[in-house]
Amino acid sequence: MLKLLSYPLTVIFFLLFGLVLVIFHPIQWLCLKVFGYNAHKKSVSILNWFIMRCTNVLGTRYSFKNDQNIPTDRPLIIVTNHQSMYDIPPIIWYMRKYHPKFVSKIELGKGIPSVSYNLRHGGSALIDRKDPKQSITELQKLAKYISANNRSAVIFPEGTRSRNGVPKPFRTTGLKVMLKNAPEALVVPISINNSWKLLRYGKFPMGLGSHVTFEVHPPIENVGNTNELIAQVEKQIVSGIKTK
1 MLKLLSYPLT VIFFLLFGLV LVIFHPIQWL CLKVFGYNAH KKSVSILNWF
51 IMRCTNVLGT RYSFKNDQNI PTDRPLIIVT NHQSMYDIPP IIWYMRKYHP
101 KFVSKIELGK GIPSVSYNLR HGGSALIDRK DPKQSITELQ KLAKYISANN
151 RSAVIFPEGT RSRNGVPKPF RTTGLKVMLK NAPEALVVPI SINNSWKLLR
201 YGKFPMGLGS HVTFEVHPPI ENVGNTNELI AQVEKQIVSG IKTK
C-alpha cells in the first residue's frame, strides 16, 4: 500500500524539484554575475533548503546533530559516508557557514539546471573517474582553494553510494591528496543514516517516510600518520551508521 501511494507523491515531488531547479538557475546566475560570490553562495544555500522541502512531500524528515565547536576561520575537510544524492542538500544547508564545496563526478557538471551551474562556478571539484591525472589535479586545486579561503571541502571516500546503508570501504587516494595539499585543514567526520531509503525502490517511485539523520563527530587535526588518520576517521563514521 505504501509503495502504491508513493507513485503519485513521487510525481508531485519531481514536478516541485524540477521547478525549484529551473527557478534557481537564473537566480544563481544573477547573484554571481551581479552581486558576486557571497550572494551566489546564499542563493545556493536557499536552493538546497527548498530541495529539502520538496522531499517533505514524500514524508521525509531531517535531523542534523552538530554539538561540535567547529571554527569558521580555518579550512575543513568534511568526510562522510554516501547513501544518495539527497545527502547533499542538508550538508549545504546545515553546514552553510563553512561554505561547503563538493568533490563530484564530472558528468554532473553539465545538463542539470542549478546543480551543474553551482558545481562549475561555486568552487567544487569535478573529477573524471576515467582520468586519474585529471582527478588528482582537480583535488589539488580544491584543497588549495579551501586553504586560501578558509572554506570546506566535502568528500565521499566510499566512491559510490551505498544502496542499502551498509558502508563501503574507503578509497583513500582522493582523501590523501586533500590532506596533503591542505595540511592545515581540520577533518570533520559525519555519519549519514537512512538517506538510501529515499531510493529503496530505485529512482521511481521514491521511498516514503524516511527519517534522514546526520551526526557530526569531533573534528580531528591533520597531524601524524595519514593512514592512521584516515582509519580513525573511517572508524568514527562507521560507528555512527545504522544498517537497519
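Residue numbers (the numbering used here): 1 to 244.
C-beta atoms are modelled at their ideal positions from N, C-alpha and C, and glycine is treated no differently.
Given the structure is predicted, the values throughout are model-derived calculations rather than measurements.
- Only residues of its own chain outside the window of five on either side were considered, and among them Ser210 have a CB closer than 6 Å to the CB of Thr60, listed in chain order.
- The C-alpha of Phe50 is placed about 13 Å away from the C-alpha of Leu15.
- The secondary-structure analysis by DSSP pairs Asn118 with nothing; it has no beta-bridge partner.
- Three or more beta-carbon pairs drawn from the stretch 182-198 and the stretch 76-92 are found closer than 8 Å, and the two stretches are therefore classed as touching.
- Sequence-distant partners of Pro100 (beyond 5 residues in either direction) whose C-beta falls short of 7 Å from its own C-beta, in its chain, are Ile78, Ile91, Ile92, Ser152, Val154.
- Within the DSSP bridge table, the entry for His40 names no partner.
- Ser239 is not a Cβ neighbour of Glu215, given a cutoff of 7 Å.
- Arg61 carries a strand assignment under DSSP once its states are collapsed to helix, strand and coil.
- Contact between Asn69 and Ile237 does not hold, since their C-beta atoms are separated by about 20 Å, which reaches or exceeds 8 Å.
- Rounded to whole angstroms, the Cβ separation of Gly165 and Thr243 is 5 Å, and the two are in contact under 8 Å.
- Between Leu21 and Pro113, the CB-CB gap stays under 7 Å.
- When C-alpha distances from Thr137 are compared across Leu126, Ser147, Ile146, the shortest belongs to Leu126.
- For Asn193, the enclosing beta strand (DSSP E) stretches over residues 186-193.
- Secondary structure remark: continuous alpha helix (DSSP H) runs of at least 4 residues inside the stretch 79-113, in chain order: 88-94.
- Bounds of the alpha helix (DSSP H) holding Ser135 are 132-149.
- Collapsing the DSSP output to three states places Thr226 in a helix.
- Membership of Phe24 in the alpha helix (DSSP H) is indicated by the continuous run 2-30.
- For Lys97, the CB contacts under 8 Å within the same chain, skipping 5 residues up- and downstream, are Thr72 in chain order.
- Across the structure, Arg129 and Ser135 are spaced so that their CA atoms are roughly 7 Å apart.
- The residue from Gly202, Ile241, Asn227 with its alpha-carbon nearest to that of Thr173 is Asn227.
- Proximity of the stretch 102-121 to the stretch 25-37 meets the contact definition, three or more beta-carbon pairs being nearer than 8 Å.
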